[in-house]
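Novice:
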Amino acid sequence: MSERRVLVVEDERTIADSVAARLRAEGFTVRIAGDGPGAVEAAAQMRPDLVVLDVMLPGFDGLEVCRRIQAERPVPVLMLTARDDETDLLVGLAVGADDYLTKPFSMRELSARVHALLRRFERAATAAREDAPMIRLGDLEINQAERRVRRGGVEAHLTPTEFDLLVHLAGRPRTVLPRAQLLADVWGWAAAGGTRTVDSHVKALRRKLGGDLIRTVHGVGYALEVAP
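Residue numbering for the sequence shown is 380 to 607, as defined by the working numbering.
#1: Considering only heavy atoms of the ligand GTP, does any lie closer than 8 angstroms to the CB of N522?
#2: So the alpha helix (DSSP H) L338 belongs to, where does it begin and stop?
#3: Would you call P341 buried or exposed, if buried means 16 or more other Cβ atoms sit within 10 Å of its Cβ?
#4: Go through its chain and collect everything with a Cβ distance to G406's Cβ below 8 angstroms, but skip five positions before and after it.
#5: Do L432 and L402 count as a contact pair if the criterion is CB distance below 9 angstroms?
#6: Evaluate A461 with the Cβ neighbour count: other Cβ atoms within 10 Å of its Cβ, from every protein chain shown; 16 or more gives buried, anything less gives exposed.
#7: Taking the beta carbon of Q523 as the centre, do at least 16 other beta carbons fall within 10 Å, making it buried, or is it exposed?
#8: Touch check for the segment 478-493 and the segment 525-536: three-plus C-beta pairs under 8 angstroms?
#9: Assuming L436 and V388 are in contact, meaning their beta carbons sit under 8 angstroms apart, how far apart are those beta carbons, in whole angstroms?
#10: Which whole runs of the beta strand (DSSP E) in the segment 424-453 are 3 residues long or more, in chain order?
#11: Where does T554 fall in DSSP's three states?
#12: Need the endpoints of the alpha helix (DSSP H) that L562 sits in, please.
#13: Output the distance between the C-alpha atoms of P539 and P455, rounded to the nearest integer angstrom.
#14: Tell me the rounded alpha-carbon separation between A583 and D396.
#15: Taking buried to mean at least 16 other C-beta atoms within 10 Å of its own C-beta, is V599 buried or exposed?
#16: CA-CA distance, Y601 and M513?
#17: Measuring only the C-alpha atoms, how far is L635 from R558?
#18: Ends of the alpha helix (DSSP H) at A404?
#19: Mind checking whether L519 and L588 have CB atoms under 9 angstroms apart?
#20: Determine the contact status of G567 and A495, defining contact as a CB-CB distance below 9 angstroms.
#21: Under a three-way DSSP split, which group does L592 fall into?
#22: When burial is assigned at 16 or more other CB atoms within 10 Å of the CB, is D477 buried or exposed?
#23: Within the continuous beta strand (DSSP E) that includes R529, where are the two ends?
#24: Using only CA atoms, which one of D440, L429 and R426 lies nearest to P416?
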């Protein structure tokens, strides 16, 4: 397998160098960009397998970087934010980010997130090649091979992580799946604080597919409510 390419977009040089050093030690080819325009240019030249992207950047912010990169080609994005603000997180997910880390974070946690994101994208590519079956539940249609979703005949544009989460919930409709289980099965990692990641993605799915689609069981988790 060829070396995976990671673009690190971070204007704080100490953080950028630390992240790059950790990823290079694990065998990744890493390039650093320190502002919005430079990040978009680097992504076009490098065609990274994954982007580690800070939200606050000079030039234009990480949200705009994410929009522009994802418009060119789908690529997993791990966002870094100094603010644990839910609105910012939802906006980040809406423009195509797949996961996020709030500063300060450990290099061990960042490494785990990077590897988990890459594994998920590899699984998604395998499923597409294997012509995975269509899922139909009520007015919800999930085309796994094409990674497309319709509800009531209207197509919804989901991020790769939103799609994976929806497929996982659809595999056991009306069954309550705990947040920790979803985190482990969909994201491929487990940490108590990470359940907010699940909550944020569920909110994004509700916004795109309807608030009645996923039921919250407080203190436990979520269930897909579309009837078979």
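Glycine residues also receive a C-beta, built at the ideal position from the N, C-alpha and C atoms.
Specialist: With the given structure in hand:
#1: Here there are no bound small molecules, and the ligand GTP is not part of this structure.
#2: Any property of residue 338 remains undetermined from this structure, which presents the chain solely from 380 to 607.
#3: The chain is shown only over 380 to 607; residue 341 falls outside these bounds and no answer can be derived.
#4: For G406, same chain residues with a beta-carbon under 8 angstroms away, outside a window of 5 residues either side, are E382 and R383 in chain order.
#5: No, they are not a contact pair.
#6: The residue is exposed, with fewer than 16 neighbouring Cβ atoms inside 10 Å.
#7: With 16 or more other Cβ atoms within 10 Å, it is buried.
#8: Between the segment 478-493 and the segment 525-536 there are fewer than three inter-stretch CB-CB distances shorter than 8 angstroms, so the stretches are not counted as touching.
#9: That belief holds up - the Cβ atoms of L436 and V388 are roughly 7 angstroms apart, short of 8 angstroms.
#10: Entirely contained in the segment 424-453, the beta strand (DSSP E) runs reaching 3 residues are, in chain order, 429-433.
#11: In the structure shown, T554 sits in coil (DSSP, three-state: anything other than H, G, I, E or B).
#12: Taken as a continuous stretch (DSSP letters only), L562 belongs to no alpha helix (DSSP H), as it is neither H nor E.
#13: Their Cα atoms are separated by approximately 8 angstroms.
#14: Roughly 32 angstroms separates the two Cα atoms.
#15: Of the other Cβ atoms in all chains shown, fewer than 16 fall within 10 Å of the Cβ of V599; this residue is therefore exposed.
#16: Straight-line Cα distance between these residues: approximately 22 angstroms.
#17: The structure shown does not extend to residue 635, since the chain spans only 380 to 607, so no value can be given for it.
#18: Its alpha helix (DSSP H) spans residues R392 to A404.
#19: Yes, they are a contact pair.
#20: With respect to A495, G567 sits close: the two C-beta atoms are nearer than 9 angstroms.
#21: In the three-state reduction of the DSSP assignment, L592 falls in the coil class.
#22: Flag for D477 reads buried.
#23: Per DSSP, R529 belongs to the beta strand (DSSP E) from R527 to R530.
#24: Nearest of D440, L429 and R426 to P416, Cα basis: D440.
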